[in-house]
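Worksheet: one structure, shown below.
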Amino acid sequence: MENFIKDIDIIAPEEAQACDFKTTEEENTGKSKKLYIESYGCQMNFSDSEIVASIMKENGFDTTSDFEQADVIFLNTCSIREKAEQTVRKRLNQFNSVKKNKPELTIGVLGCMAERLKEKLLEEEKIVDVVVGPDAYRDLPSLVSSAEEGNKGVNTFLSREETYADISPVRLNSNGVSAFISIMRGCDNMCSFCVVPFTRGRERSRDPYSIVNEARQLFQNGFREVTLLGQNVDSYKWSPEENNKARLNKKEEVVSKVVNFAHLLEMVAQVNPLLRVRFSTSHPKDITDEVLYTMKKYDNICKYIHLPVQSGNSRVLELMNRTYDREWYLDRVRAIREILGEECGISSDMIAGFCTETEEEHQDTLTLMDIVKYDFSYMFYYSERPGTLAAKKYIDDIPLETKKRRLAEIIDKQTSLSLERNKLDIGKIQEILIEGTSKRSENQLKGRNSANKVVIIPNQDYKKGDYVKVRIVDCSAATLFGEVFPN
Ligand code: SAM
Ligand code: SF4
Numbered sequence: 001m002e003n004f005i006k007d008i009d010i011i012a013p014e015e016a017q018a019c020d021f022k023t024t025e026e027e028n029t030g031k032s033k034k035l036y037i038e039s040y041g042c043q044m045n046f047s048d049s050e051i052v053a054s055i056m057k058e059n060g061f062d063t064t065s066d067f068e069q070a071d072v073i074f075l076n077t078c079s080i081r082e083k084a085e086q087t088v089r090k091r092l093n094q095f096n097s098v099k100k101n102k103p104e105l106t107i108g109v110l111g112c113m114a115e116r117l118k119e120k121l122l123e124e125e126k127i128v129d130v131v132v133g134p135d136a137y138r139d140l141p142s143l144v145s146s147a148e149e150g151n152k153g154v155n156t157f158l159s160r161e162e163t164y165a166d167i168s169p170v171r172l173n174s175n176g177v178s179a180f181i182s183i184m185r186g187c188d189n190m191c192s193f194c195v196v197p198f199t200r201g202r203e204r205s206r207d208p209y210s211i212v213n214e215a216r217q218l219f220q221n222g223f224r225e226v227t228l229l230g231q232n233v234d235s236y237k238w239s240p241e242e243n244n245k246a247r248l249n250k251k252e253e254v255v256s257k258v259v260n261f262a263h264l265l266e267m268v269a270q271v272n273p274l275l276r277v278r279f280s281t282s283h284p285k286d287i288t289d290e291v292l293y294t295m296k297k298y299d300n301i302c303k304y305i306h307l308p309v310q311s312g313n314s315r316v317l318e319l320m321n322r323t324y325d326r327e328w329y330l331d332r333v334r335a336i337r338e339i340l341g342e343e344c345g346i347s348s349d350m351i352a353g354f355c356t357e358t359e360e361e362h363q364d365t366l367t368l369m370d371i372v373k374y375d376f377s378y379m380f381y382y383s384e385r386p387g388t389l390a391a392k393k394y395i396d397d398i399p400l401e402t403k404k405r406r407l408a409e410i411i412d413k414q415t416s417l418s419l420e421r422n423k424l425d426i427g428k429i430q431e432i433l434i435e436g437t438s439k440r441s442e443n444q445l446k447g448r449n450s451a452n453k454v455v456i457i458p459n460q461d462y463k464k465g466d467y468v469k470v471r472i473v474d475c476s477a478a479t480l481f482g483e484v485f486p487n
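Heads up: the sequence shown runs through residues 1 to 487, numbered per full-length UniProt numbering.
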């Protein structure tokens with residue numbers, strides 16, 4: 001087991017800011033054209049690419065993993081940090097050289113950058129033929145056909161109702177066991193650092209019955225885990241008459257029924273006890289005890305909450321317009337521990353070096369981490385985004401070196417907390433869901449426990465989608481190692 005210890009994952013600050021992307025896979029069902037999608041950013045974006053692939057599939061496209069074979073290339077982009085946008089711009093230049101030898105190739109920019117930069121992309125990056133925002137994907141086939149005829153196509157209209165509820169996503173990069181289900185779109189919060197409300201529009205909740213149907217179909221197709229996705233899932237609110245949150249709040253007394261997130265969670269949990277249910281992201285101001293008690297009531301709702309704090313200091317939180325303070329956040333963590341116990345996994349997002357943050361205020365983030373003892377965190381340094389409230393109101397005054405040093409301190413703290421939390425699992429018996437063989441060796445299987453931790457076990461006669469009882473025998477900061485129980 002000792003050899004496992006060496007794979008402790010310590011993330012360098014540069015890596016923590018780096019941009020992951022996913023691409024489409026090869027699919028040949030005999031369609032006449034090939035589509036290549038490269039997706040950047042958050043899980044919502046990866047999930048949107050599955051909707052895009054579904055729309056394009058209906059319109060004569062198979063997917064490809066090789067952009068040189070493609071008739072159409074889409075970059076589904078992210079604007080959350082400057083680095084993400086730079087990566088996409090570099091990639092567009094690479095595609096430019098392909099287009100020089102293949103002028104009939106159509107290149108499209110989708111997602112948040114499309115929304116933020118609109119015509120600027122068409123005018124400046126001359127190789128872009130199509131620019132489509134996150135609410136206009138139904139228009140893609142017609143925009144692509146008009147691009148094929150030489151007309152540039154742009155639709156960045158932000159809808160107040162669109163949820164793509166009726167579209168069955170084509171599962172991309174799927175392990176066949178876990179799938180993501182989008183339950184809402186947009187965000188009505190105005191965190192001062194964040195570009196999302198401007199690029200993804202107002203908050204809308206998807207019809208719960210279409211969500212349950214999608215979960216049921218996934219289960220019938222062999223999937224054993226769904227993650228319900230939204231920028232702020234605890235704010236989910238739907239009625240048959242109105243799915244737009246702001247409008248629904250105004251006419252709540254006159255609608256026939258309201259489904260909130262706790263109700264939705266229960267409806268999905270009841271699809272089948274063998275279907276695990278996860279969700280992300282929870283906003284600390286919105287997560288209710290009703291949600292925590294629903295999690296407790298159902299064994300198949302995983303005991304894991306992604307609860308981004310961003311900063312441990314109340315003044316900084318106010319500048320960030322997060323609408324809660326340190327005490328409120330710690331009270332929510334207390335409620336999680338009281339209702340769901342010590343074993344419930346908690347993770348966070350953290351931003352180092354927000355405008356005017358002092359050394360003492362940065363220390364408050366580190367002490368809050370010590371109190372909560374996060375299992376895992378996504379950690380960033382502040383990147384000013386044009387058009388956001390912070391860009392308009394505050395000076396981005398923390399030098400890059402200081403931001404990087406504070407981020408490195410946060411990452412160090414998280415690495416030791418992850419190890420401390422993982423060590424508590426040693427000796428425990430846990431149920432894991434097998435996702436496949438481990439990346440490192442065919443002789444090991446990779447599964448996940450309820451708290452969302454990866455557990456590696458020796459490869460025995462199990463297959464993807466099996467539930468296996470294991471005893472945890474060792475750990476690193478990133479991984480648990482187990483053996484099949486009884487053993
Ligand atoms: N809706 C989620 C929430 O409220 O926690 C988060 C959505 S955002 C896509 C993911 C994370 O990116 C945020 O939690 C934040 O930590 C980080 N982020 C957003 N804007 C940022 C910025 N301007 N600079 C650095 N990190 C940022
Ligand atoms: Fe951005 Fe805040 Fe909305 Fe999350 S809740 S998407 S951080 S505005």
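Even for Gly, the Cβ is constructed at its ideal location relative to N, Cα and C.
Residue environment, residue i, which counts as buried when at least 16 other CB atoms sit within 10 Å
| i | result |
| --- | --- |
| SER79 | buried |
| TYR374 | buried |
| ASP412 | exposed |
| VAL259 | buried |
| PRO486 | exposed |
| ALA246 | exposed |
| TYR467 | exposed |
| GLU123 | exposed |
| ASP20 | exposed |
| LYS297 | exposed |
| TYR382 | buried |
| LEU35 | buried |
| LEU407 | buried |
| residue 488 | There is no way to answer for residue 488, as the model of the chain reaches only from 1 to 487. |
| PRO208 | buried |
| ILE429 | exposed |
| GLY312 | buried |
| LEU400 | exposed |
| PRO169 | buried |
| GLN231 | buried |
| SER377 | buried |
| GLN414 | buried |
| GLU420 | exposed |
| VAL254 | exposed |
For residue i: DSSP bridge partner residues
| i | result |
| --- | --- |
| ALA352 | TYR381 |
| SER205 | MET184 |
| THR63 | LEU35 |
| ASN76 | SER39 and LEU110 |
| HIS306 | SER347 |
| THR279 | What sits at residue 279 in the sequence shown is Phe, not Thr. Answer is LEU228. |
| TRP238 | VAL259 |
| LYS22 | SER39 |
| ILE301 | VAL277 |
| ASN244 | ARG204 |
Beta-carbon proximity of residue i to residue j, cut-off 8 Å
| i | j | result |
| --- | --- | --- |
| GLU357 | ILE398 | yes |
| GLY341 | ALA451 | no |
| ASN243 | LYS464 | no |
| THR77 | MET113 | yes |
| ALA262 | THR227 | no |
| ILE472 | ASP425 | yes |
| MET320 | CYS475 | no |
| VAL309 | TYR293 | no |
| GLY186 | GLU161 | no |
| LEU480 | LYS439 | no |
| VAL131 | VAL98 | no |
| ASP62 | ASN28 | yes |
| GLY205 | TYR236 | The displayed chain sequence assigns Ser, not Gly, to residue 205. Yes, they are a contact pair. |
| LYS22 | SER39 | yes |
| ARG171 | ARG224 | no |
| THR24 | ASP71 | no |
| ARG326 | LEU307 | no |
| HIS283 | ASP234 | yes |
Residue-chain proximity (residue i, chain C), Cβ-Cβ < 8 Å
| i | result |
| --- | --- |
| HIS263 | Annotation note: the requested chain C is absent from the structure, which comprises a single protein chain. |
Worksheet item: In chain order, which alpha helix (DSSP H) runs of at least 4 residues are fully inside the region 110-179?
Response: 112-117, 119-124 and 140-148
Worksheet item: In chain order, which alpha helix (DSSP H) runs of at least 4 residues are fully inside the region 250-275?
Response: 261-269
Worksheet item: Fully enclosed by the UniProt domain "TRAM" (423-486), which beta strand (DSSP E) runs are 3 residues long or longer?
Response: 429-437, 444-448, 454-458, 467-475 and 480-484
Worksheet item: Relative to the ligand SF4, what is the chain-ordered list of residues with a Cβ closer than 7 Å to any of its non-hydrogen atoms?
Response: CYS187, ASN189, MET190, CYS191, CYS194, VAL196, PRO197, GLN231, ASN232, THR281 and HIS283
Practice prompt. Write down every uninterrupted run of the alpha helix (DSSP H) in the region 360-408 whose length is 4 residues or greater and which is fully enclosed by it, in chain order.
Written response: 389-393
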